[in-house]
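Trainee: This is the structure I want to talk about, given as structure tokens.
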Amino acid sequence: MTAQKHIIIIGNGIAGITAARHIRKRSDHHITVISAETDHFFSRTALMYIYMGHMKYEHTKPYEDWFWDKNSIILKRAYVSKVETNSNSILLDSGERLTYDELIIATGSVSNKFGWTGQDLKGVQGLYNYQDLESMEADTKGIERAVVVGGGLIGIEMVEMLLSRQIPVTFLVREASFWDNVLPKEESEIINRHIRSHHVDLRLKTDLKEILSDEKGTARAVLTGDGEEIACQFVGLAVGVHPNISFLKDSGIETDKGILVNEKLQTNFSNIYALGDCAQLRQPREARRAIEAVWYTGKMMGETVAATICGNQTDYNPGIWFNSAKFMDIEYQTYGYVSAQLKEGEESLYWESKDGVRSIRIVFQSATKSVVGFNAFGIRLRHKVCEQWIKTGTSVDEVVSSLKKANFNPEFFKKFEKEVIF
Amino acid sequence: MSREGFSISLASPYAPGMDGIQKFGIALFVVALLFTVIGLFGPAANDPELFFYLGFIGSVVGLSIYTVRTYLNRPAGVQNNHIFTSSLTNRGLWGWALGIFLTGFYVALYWGSDEMWNGSPLVLLFNPLSQGLFNHPPDRWFLYSFIYTVSILIMGVRAILKYRHSNYQIVRTCSIMFFQLGFAFLIPQFLKSMSQPEYYFSYFWPLDYARLFPSTVDGMLSGGTIGIWMLIISAILTFIATPILTYFFGKRWYCSWVCGCGGLANTAGDPFRQLSDKSIKAWKIERWMIHSVLVFITVLTILLWVNSFLEGGIFGSISHALTKVYAFLIGQAFAGVVGVGFYPLLGTRVWCRFGCPMAAYLGLLQKYFSRFRITTNGGQCISCGNCSTYCEMGIDVQAYAQRGENIVRASCVGCGICSTVCPRGVLNLENGSTHTDRENANPITFGNDGIGLRKGI
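Chains U and G, in that order, give the protein sequences. Each number in the working numbering corresponds to the 1-based position in the first sequence with 8 added. Each number in the working numbering corresponds to the 1-based position in the second sequence with 71 added.
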């Protein structure tokens, strides 16, 4: 039994909370979780559903409020203004100082703004945290048009949210096609069509030049790169996020874009760790990025750091990449490595349903025929089976002939494996 | 946020406006309903045909037109916008009003006097239908049966349109409508019209609690060949078919494919499914209550048989008093008044979850001896909470999904909505090849290869 330590976790998102829960499973350490955002952990991925009326805030809390007390996880609502590494303490905005034995920083991201004129006007915002939801709620009441900037996951979520309130939306996407730095051309086009079928004014190859203000300091229009002025009363900026680390200035903790961490998720201080969106791996694994701001990696990092802190030194090894999203009515799942443009030595098989809303892509190596990745749109694939195929380098022929094993669609759905002809 | 609390607006302030066809449907509904209500003050008793066809049928048609148009106006996909911003579906003023109205109706239905009902314009309204189809005059139970069936049919069409992106929901809803119309309405009414026992093939002991009481059995035995066959079928359904079907498919084969209580919940009650209590406390209460009811009806049935063999002996007065208590408390107050009356307040499956002895029996079979489970797709859960929110049985589905753990719960009726509303394709209802491989506690996220706790694929 190791001695009891005081572990402070900054951030109550999925990364920090997973760490807290797993440290509690493994030890009796004192755990304090600090958040400036909300009193309790909630699922930030569900922000859109609160706005659309699918759920209320209370439904997005994965644990009932008594859970934290029962498990002796102290929750503290405060903003950490400073980390003082020389005295192993943190300073809160209230002036209170707390000392730690181990510190876990899981402060997530902040939305990007690229210095546009008018980016700080009222009615202009990103969508990342609970406060963003509140301001979006307040600033979209009774408006006539909204503009969303940025063709990625948050952008399309904001479009869907606004549509649910019958607000007409113009969607500015800088690239030639939706999310085409991640999605191959065909999949990207499925989503372009789907966005337009929802009567969204989708403008591809169009960027934002500036946001115009009315006399009260509220957004009244955007000016596009082509010089067109589009009247609107709300502007959603969904042009990516960056690590939320400004409070670490002068702390001595080494940062680049994010907080630099080794394979144990440890910073340059051996008792300080960083997890989730705000962490930047010094040496990312092959085919992985240094910063991966997704739910799943935050969760895995939390599990990993808990093991290390509780005496079981563990390297962060997130295995085979996977992700998922939902583009309005079309579900998307991906397993392994499917890039927007095939890499050298790769080939792919692609099938799309006649109605153009379902598809499967299987990427494999030309030489060995081993599969390396799957993309599925409007079809549910079984994670375990796809992962196993990728891990063992199963040949594409075998995968195609046994595709049925990966079918995770509900009962009575048309068996896609019979339809799929590559 | 300012959207909490009472609102006098029926729909959410954010819902889309109506087009011409929807407006026509609503107008027809309102006018026909008003016409019916006027009829109920007296005129309907004199001219039931007029008020039945123009009034009742008119309002049903109007409501159907509105509903069909509303859902066809939207693209196929999850249709849960505005549920928690609308007064009717979020325990607002309209929700309470509907709850009070339904509760009042059930109180009058069960405990109103025969004088009050017989000859009342409301019952007489259904004279043309009852006489025309079944050749017997309507009573309050005919009225109830008919409205119940019509509710399942109209709201069944709505459910099919609402969930039309899911074939599971389409097939399942068709099954519910079929069993209600055929087995819980037409067949019993025809049997009655042929002077046979009004027999419901889709209900059996312990839900139809009196089915295996000595008095019922005696009645059937004296009813000749048909009566004997009905008795045999009843016993087979309870003791043989139920365990076998539940082993292969889970309790859903009954609770969300056949049963009329479940059928009403999944059609007319669908707008209220999100109101069930998801807390662990509610789960504890549920387990105590539902199993107590099962014990109660089992002991009572045994007592009645012992009493019957002893010819009234020692248990005579006790067992008859207990029968009355059960009929009043469980059969009427719980199953009817609270079970349906409280839809807009407590959600749709209050009876199924906390009270139904059949659900308790099926649940025990499902929990310990069934191939059915809801599987979760590796590590894909994002803990968004949609599955738990829309679980009518109050199961915290997400608690399992985020651990990558199969859901094996006695209460799960297999309605499949968790899977239907999941935005990431995580949940799936599956019948495995055995019942022994269902529990798969998985503390570490699937795919996190750094930690060696993973079990085999």
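Even glycine gets a Cβ: it sits at the ideal position worked out from N, Cα and C. Since this is a predicted model, take the numbers as computed values, not measurements.
Are the CB atoms of U/C286 and U/S117 within a distance shorter than 8 Å?
Mentor: Closer than 8 Å, so yes.
Trainee: To the nearest angstrom, how far is the alpha carbon of U/L451 from that of U/R173?
Mentor: Outside the modelled stretch of chain U, which goes from 9 to 430, sits residue 451 of chain U, for which no answer is possible.
Trainee: Measuring alpha carbon to alpha carbon, tell me which residue in U/L191, U/L256, U/A348 and U/R390 is nearest U/A282.
Mentor: Taking only the C-alpha atoms, the option nearest U/A282 is U/L256.
Trainee: Note down the Cα distance separating G/W212 from G/L200, rounded to an integer number of angstroms.
Mentor: Rounded to the nearest angstrom, the two C-alpha atoms are 14 Å apart.
Trainee: What does G/A147 reach in chain U if we use C-beta pairs closer than 8 Å?
Mentor: What G/A147 touches in chain U: D337.
Trainee: Give me the chain U residues within the contact set of G/V242, using Cβ-Cβ distance strictly less than 9 Å, ordered along the chain.
Mentor: Neighbours of G/V242 on chain U, chain order: E419 and F420.
Trainee: Which residues, in chain order, does the segment 454-473 of chain G contribute to contact with chain U at a C-beta distance below 8 Å?
Mentor: Listed in sequence order: S454, C455, G456, N457, S459, T460, Q469, A470 and Q473.
Trainee: Using the DSSP secondary-structure output, state which residues sit across from U/T107 in a beta bridge.
Mentor: For U/T107, which the question treats as bridged, DSSP gives the partners U/S97.
Trainee: Any beta carbon of chain U sitting closer than 8 Å to that of G/N511?
Mentor: For G/N511, the answer is no, since every Cβ of chain U falls outside 8 Å of its Cβ.
Trainee: Roughly how many angstroms lie between the CA atoms of U/E165 and G/N189, to the nearest whole one?
Mentor: Answer to the nearest angstrom: the Cα atoms are 57 Å apart.
Trainee: Is it a yes or a no for the segment 397-406 of chain G touching the segment 465-484 of chain G, going by three-plus beta-carbon pairs under 8 Å?
Mentor: Segments in contact, no.
Trainee: Closest by CA to U/K149, which one among U/Q127, U/P176 and U/I162?
Mentor: Per the Cα distances, U/P176.
Trainee: Can you tell me where the beta strand (DSSP E) holding U/Q373 begins and where it ends?
Mentor: Segment S367 to Q373, the beta strand (DSSP E) holding U/Q373.
Trainee: Using Cβ-Cβ distances below 8 Å, what residues of the segment 240-268 of chain U are close to chain G?
Mentor: Per Cβ criterion, the list is empty.
Trainee: May I ask you to report which of helix, strand or coil DSSP gives G/Y461?
Mentor: Here G/Y461 sits in coil by DSSP.
Trainee: Which residues bound the beta strand (DSSP E) around U/N331?
Mentor: First-last of the beta strand (DSSP E) with U/N331: F330 to F335.
Trainee: On the three-state DSSP scale, how would you describe U/F421?
Mentor: Of the three classes helix, strand and coil, the one that applies to U/F421 here is coil, per DSSP.
Trainee: According to the neighbour-count rule (16 or more other Cβ atoms, all chains shown, within 10 Å of its Cβ), is U/N288 buried or exposed?
Mentor: First, the residue type needs correcting, since residue 288 of chain U is Gln and not Asn in the sequence shown. It is buried - the Cβ of U/Q288 has at least 16 other Cβ atoms within 10 Å.
Trainee: Within a Cβ cutoff of 7 Å, which residues of the same chain sit near G/G450, ignoring the five residues on either side of it in sequence?
Mentor: Excluding sequence neighbours, G/G450 sits near G475, T516, F517 and G518.
Trainee: Along the segment 493-521 of chain G, what residues have a CB closer than 7 Å to any CB found in chain U?
Mentor: Listed by position, the residues of the segment 493-521 of chain G near chain U (Cβ gap below 7 Å) are P494, R495, G496, N499, L500, I515, T516, F517, G518, N519, D520 and G521.
Trainee: What does the Cβ neighbour count give for U/V371, buried or exposed, with the cut at 16 atoms within 10 Å?
Mentor: When all chains shown are included, U/V371 counts as buried.
Trainee: Using a C-beta to C-beta distance shorter than 9 Å, which residues of chain G count as neighbours of U/N325?
Mentor: By Cβ distance, chain G contributes N519, D520, G521 and I522.
Trainee: Name the residue from U/N200, U/R105, U/V408 and U/G284 whose alpha carbon lies nearest to the alpha carbon of U/W303.
Mentor: Ranking the options by Cα distance to U/W303, first place goes to U/G284.
Trainee: Of all the residues that make up the segment 351-385 of chain U, which are near chain C by a beta-carbon distance shorter than 7 Å?
Mentor: Absent from the structure: chain C. Protein chains present are U and G.
Trainee: Check whether the Cβ of U/M166 lies closer than 8 Å to any Cβ atom in chain G.
Mentor: Answer no: the Cβ-Cβ gap between U/M166 and chain G never drops below 8 Å.
Trainee: Anything in chain U within Cβ reach of G/N152, meaning under 8 Å, just list it in chain order.
Mentor: Neighbours of G/N152 on chain U, chain order: M60, G61, H62 and S172.
Trainee: Find the residues of chain U that neighbour G/Y239, judging by a C-beta separation of less than 8 Å, and give them in chain order.
Mentor: Within chain U, the residues near G/Y239 are P418, E419, F420 and F421.
Trainee: If contact means a Cβ-Cβ distance below 7 Å, which residues of the segment 429-452 of chain G contact chain U?
Mentor: If the cut-off is 7 Å between Cβ atoms, the segment 429-452 of chain G has N448, G449, G450 and Q451 near chain U.
Trainee: Could you name the residues of chain G that U/P176 contacts, counting a contact when the two beta carbons are closer than 9 Å?
Mentor: Residues of chain G passing the Cβ test: none, with the nearest at roughly 12 Å.
Trainee: Taking U/S43 and G/I453 to be in contact with their CB atoms under 8 Å, please state how far apart those CB atoms are, rounded to whole angstroms.
Mentor: No, U/S43 and G/I453 are not in contact; Cβ-Cβ is about 19 Å, not under 8 Å.
Trainee: Considering only the alpha carbon of each residue, which of U/G19, U/S35, U/H30 and U/G24 lies closest to U/Q12?
Mentor: Residue U/S35 is the option with its Cα nearest to U/Q12.
Trainee: Please report the distance separating the alpha-carbon of U/K422 from that of G/S286.
Mentor: Taking the straight line joining both Cα atoms gives about 50 Å.
Trainee: Out of G/P209, G/F205 and G/D185, which one is the CA nearest neighbour of G/L196?
Mentor: Closest option to G/L196, Cα to Cα, is G/P209.
Trainee: What is the rounded straight-line gap between the Cα of U/S259 and the Cα of U/I299?
Mentor: Their Cα atoms are separated by approximately 21 Å.
Trainee: Going straight from the alpha carbon of G/S246 to that of U/G24, what length do you get?
Mentor: Cα-Cα distance, rounded: 46 Å.
Trainee: Do G/S327 and G/G485 have their CB atoms nearer than 8 Å?
Mentor: Yes. Within cutoff.
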